[in-house]
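Notes for the one structure printed next.
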Amino acid sequence: MSAAPLHALCVRDLLAGYAGRAFTPSDVIHSLIEHVTQCEAALGALYAFDPEGARRSAVESTRRWASGAPHGKLDGVPATIKDLITTRGTPTPLGTAATELVPASDDAPPAARLREAGAILFAKTTMPDYGMLSSGLSSFHPLTRNPWDLRHNPGGSSSGAGAAAAALYGPMHVGTDIGGSIRLPAAWCGLVGFKPSLGRVPIDPYYTARCAGPMTRTVDDAAFMMEVLAQPDARDATSLPPLPVNWHARIESVGRLRIGLMMEAGCGLPVDPQVAVAVNAAARIFAAAGAEIIAVPGVLSREILDGIDIFWRTRSWDEIARLPDSRRRKVLPYILDWAREGEKATGREVVAGFNRSFELRRLCAALFQQVDVVLSPVSPILSFPADWASPLNDPARPFEHIAFTLPWNFAEQPAIAINCGFTSKGLPIGLQIVTPRFADEQALAFARWYEERRGPISHWPMKFRLDPGHE
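Counting from 6, one number per residue, gives the positions in the sequence shown under our numbering.
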């Protein structure tokens with residue numbers, strides 16, 4: 006058994022420890038609560054942290070394990086859920102001070118599946134206003150920081166999930182992703198972040214391009230989560246039929262595979278040289294094992310990205326404009342400035358912008374007629390300051406950093422982020438692995454294959470202190 010603190014153990018080791026009576030869920034939750042209490046003031050990763058509720062759930066789980074009757078596949082394993090995924094009895098602020106705090110009446114599908122599997126939902130995680138930033142900045146939540154360096158941003162919009170996972174707040178965290186909101190914080194926090202095919206993990210409310218998925222420190226932990234998350238739910242009309250797969254499957258060989266290497270996204274920010282070095286090194290690992298590496302162009306264009314931006318601005322402004330003035334003024338100013346441009350858009354411009362997503366879908370589908378897998382950076386940049394709303398901190402240019410991640414949301418291919426190295430300053434760099442639509446099992450299997458050859462990350466950040474300059 007690992008010598009790591011109990012709260013830092015992976016899912017497999019936790020379940021083995023419970024089954025072998027080496028320790029109990031109560032022991033794990035005690036360790037976790039102590040760790041969170043020491044770290045959270047500096048990180049700001051959690052919302053609705055419920056230590057007493059976690060202790061009660063752990064006592065019940067401990068009794069079940071003692072009687073030899075665990076409840077579900079994840080009984081006693083700690084987990085968090087992103088703010089905007091409703092959990093029964095807890096308000097859902099959507100990351101913004103403009104939301105009226107009303108307790109949710111029911112669990113959304115991801116929360117329901119984890120509870121059914123026996124997981125202990127000890128907290129929710131922070132996010133920016135309406136989930137429309139790749140940042141830990143919010144008008145409701147405290148500023149969320151990157152555990153690897155508190156001066157830096159964890160990314161978003163699943164900012165709290167990224168920070169919590171990297172800070173060893175247990176092994177399982179659920180994020181959501183509409184343009185990179187799982188994969189970007191996963192990349193900047195050194196994690197595995199999986200955006201599955203649309204509908205693979207049901208979510209409510211659902212809409213175009215929106216996915217939920219695991220954010221973990223290992224592929225194996227993500228596979229354990231997918232075993233329970235990937236179940237149909239009638240509340241999501243895009244929900245896919247159950248997939249009869251082994252989420253823990255391994256790929257024995259990548260020989261004869263055609264792997265597309267996408268080092269230019271087609272628009273947006275240029276790729277930092279350190280990112281390019283790390284991603285190319287990952288590609289060489291596949292090549293050394295017999296895969297054919299084929300340079301492929303980006304699928305995104307300036308016109309497509311700007312069209313989707315107009316659609317998102319208008320959609321967001323429609324929601325914000327319905328608020329009373331007193332509440333609208335509470336929205337993060339960056340989000341207000343960005344969304345307000347949607348007020349000027351004509352119906353024709355909005356429809357034309359949304360239709361760009363179908364052009365993007367065709368381009369992505371055509372790419373997978375040429376290759377079996379796509380490798381790319383997750384983010385073209387290394388990092389950005391903790392208190393910035395986006396890498397450029399400019400609402401007029403909000404999406405220049407998501408050109409590698411956004412295409413797969415609208416084209417619906419599964420895409421997974423996994424660490425492929427570190428910057429000269431010790432910050433993580435992410436590799437993105439994309440597989441054909443509905444080939445979710447393959448995405449995890451390729452990530453597992455790479456992870457086994459990369460080796461484990463053994464130096465996760467453990468303790469955090471805000472220096473005076475951070476406050």
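Even for Gly, the Cβ is constructed at its ideal location relative to N, Cα and C.
For aspartate 182, the three-state secondary structure derived from DSSP is strand.
For valine 355, same chain residues with a beta-carbon under 7 Å away, outside a window of 5 residues either side, are Ile315, Phe316, Thr319 in chain order. Under the Cβ criterion (8 Å, minimum of three pairs), the stretch 342 to 349 does not count as touching the stretch 286 to 305.
Annotated three-state conformation of tyrosine 339 is helix, per DSSP. Using a Cβ-Cβ distance cut-off of 8 Å, the stretch 231 to 247 and the stretch 256 to 264 are not in contact, since fewer than three pairs of beta carbons, one from each stretch, lie closer than that value. DSSP places proline 237 outside both helix and strand once states are collapsed to three, so it counts as coil.
The Cβ-Cβ distance between methionine 177 and proline 83 falls below 8 Å. Note on glutamate 45: 16 or more other CB atoms within 10 angstroms of its CB, so buried under the neighbour-count rule. Contact between serine 144 and valine 280 fails: their C-beta atoms lie close to 31 Å from each other, not under 8 Å.
Contact between the stretch 152 to 168 and the stretch 179 to 198 is present: 3 or more CB-CB pairs across the two stretches fall below 8 Å.
Annotation for serine 306: Gly271, Cys272 place their beta carbon closer than 8 Å to its own, counting only its chain and skipping 5 residues before and after. Leu262 is the residue among Leu262, Leu248, Asp277 whose C-alpha sits nearest the C-alpha of glycine 295. Across the structure, valine 378 and proline 441 are spaced so that their CA atoms are roughly 7 Å apart.
Between the stretch 399 to 419 and the stretch 365 to 384 there are three or more C-beta pairs closer than 8 Å, enough to call the two in contact.
Excluding its 5 nearest sequence neighbours in each direction, glutamate 446 has C-beta neighbours in its own chain below 8 Å: Leu248, Val250, Asn251, Trp252, Ala254, listed in chain order. For alanine 294, there is no enclosing alpha helix (DSSP H), as DSSP marks it with neither H nor E. Sequence-distant partners of arginine 120 (beyond 5 residues in either direction) whose C-beta falls short of 7 Å from its own C-beta, in its chain, are Asp112, Leu126. Bridge pairing for lysine 87: Thr130 [DSSP]. In the three-state DSSP reduction, alanine 59 falls in the helix class (H, G or I). Secondary structure note for phenylalanine 451: its alpha helix (DSSP H) is the uninterrupted segment 445 to 459. Look at the stretch 215 to 290 and you find these whole runs of beta strand (DSSP E), each 3 residues long or longer: 216 to 221, 263 to 266. Where glutamine 437 is concerned, the enclosing beta strand (DSSP E) starts and stops at 433 to 439. Cβ atoms of tyrosine 339 and proline 400 come within 8 Å of each other, at about 5 Å. For arginine 69, the closest C-alpha among the options Leu387, Pro190, Ala124 is that of Ala124. Valine 378 sits in a strand when the DSSP states are folded into three classes. Contact annotation: the stretch 212 to 223 touches the stretch 184 to 198, with at least three C-beta pairs closer than 8 Å. Listed in chain order, the non-local C-beta contacts of tryptophan 153 below 6 Å within the same chain comprise Leu432, Pro466, local neighbours out to five positions each way being set aside.
Taking 8 Å as the cut-off, the beta carbon of alanine 103 is found closer than this to the beta carbon of leucine 328. CA-CA distance, phenylalanine 389 to histidine 157, rounds to 6 Å. C-alpha of glycine 347 to C-alpha of glutamate 324: approximately 11 Å in a straight line. Nearest Cα to phenylalanine 451 within the set Ile38, Ala227, Arg334: Ala227. Bounds of the beta strand (DSSP E) holding alanine 422 are 420 to 427. Residues of the same chain with a CB within less than 7 Å of the CB of threonine 95, apart from the 5 flanking positions on each side, are Ala53, Pro108, Ala109, Lys129 in chain order. About 26 Å separates the beta carbon of proline 190 from that of arginine 240, a gap too long to meet the 8 Å contact definition.
Nearest in C-alpha terms to threonine 67, of all of Pro98, Gly22, Ala47, is Gly22. The straight-line gap separating the alpha-carbon atoms of alanine 59 and serine 362 is approximately 42 Å.
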